[in-house]
Structures are given as structure tokens and as C-alpha cells.
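Numbering (the numbering used here), first residue to last: 412 to 610.
Glycine included, each C-beta is placed from N, C-alpha and C at the ideal position.
To start, the structure itself, in C-alpha cells.
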């Protein structure tokens, strides 16, 4: 397919301050903007397959600092708003244990999901691998032929229950990738574990 008929995705990371001090560790806040555009003359060509999406949300105690959970919940709601009505969405939240918040929900019913997301509170430790495992199991439970299988993980990556190292978690992720599940991770907060979340 020629590029003239394809939609484009623009991703911008905008720091609050473009400057850094040499010789010391610098911490910066940044805003991530994702914009999609389509060629109006080829709208049919740019129509994507529907998405079978599971959102995996960290609600552990460490997410209580710096309003990390509140920012993550706003991100979840933003994703719900961006989904097409024919998409399907599931939400998993985890702390010491894993909670199946809702499953196999049509994105067209997003209005009913906002209050559910808003009601999630912080809890105990960080069972990151357990959240990913349950998310993958939901995509397998509801295969939806013809849908793209996606998982978005929102976490500070400070895993202390289950798999904890980058190597262990990447091995698990690779197993799910082989099953056709595309996993994207989004680090939350200034102290997120870049090794795990960028892996």
C-alpha cells in the first residue's frame, strides 16, 4: 500500500524545560502527545481493524505519591475516548493482588465506565507481572477474530511481588508477543523504573 493511502501517527514528547545541568542527574516532567491524521480522499483505505484492548493499571501504594494514580486514571479515560465504537476494552488493576475491573466491554459504552475507573484507589504492593498475566488471559478468553490484540500497561514499574527484574518480565512479555499480543508500557511518575517500563 502506498504511503498516500495510509493514516499517519505523530508522537511528540514535550519537556517542561529543554535545558539540563551538566554533571548531575536531571529530572524533568514531559507531556506526551499522540495525534492521528488520515487522508480524507482515501478514508476507506485508512480504516483500521477493530482493537481488542486490555488496560493494565497499577494501583499499588507507590502510585499514591505525586498523584500518580490520578494521572494514570486520566490516561485510561483518554484512551477510552480515543477508541472506536466497534473496539472492545478490558481493564485490570493490581496491587498485591490482581483485580479484573471490567471485561469485554464495547467501547461504545464508555460513558458507563468512567465512574468505574474513577473509583479505583491505591492499595498494597506491586504485582506487575500478575497484572500482565491477567491481561493476556482476557485477550485469550475473548479472542474476537479479526481484531488486533493490544495491551497498555500503566505503572511506575516498581515491582516487588511476582516477577521483579527486567529480564524476568521481558521473558514473560516475549511469550505473549508470540501469541500475537502487542504490549506497550507507559511509565508513570518521575521515579518510574525506566529499565522495566522501557524494556
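query	result
When DSSP labels each residue in this structure, what does residue 538 get in the three-state scheme?	coil
Taking the DSSP output, what are the residues bridged to residue 560?	463
Identify every run of the beta strand (DSSP E) within the segment 501 to 536, keeping only runs that are complete inside it and at least 3 residues long; order them along the chain.	509 to 517
Select from 502, 482, 606 the residue whose C-alpha is nearest the C-alpha of residue 517.	502
Among the residues of its own chain, which have a CB less than 8 Å from the CB of residue 611, if the five just before and after it don't count?	Residue 611 lies beyond the stretch modelled for the chain, which goes from 412 to 610, so this question has no answer here.
Grouping DSSP H, G and I as helix and E and B as strand, with all else coil, what is residue 499?	strand
Pull up the distance between the alpha-carbon of residue 590 and that of residue 536, whole angstroms please.	28 Å
Per DSSP, what kind of secondary structure is residue 491 in: helix, strand or coil?	helix
With DSSP collapsed to three states, give me the class of residue 566.	strand
Are there 16 or more other CB atoms within 10 angstroms of the CB of residue 527, so buried, or fewer, so exposed?	exposed
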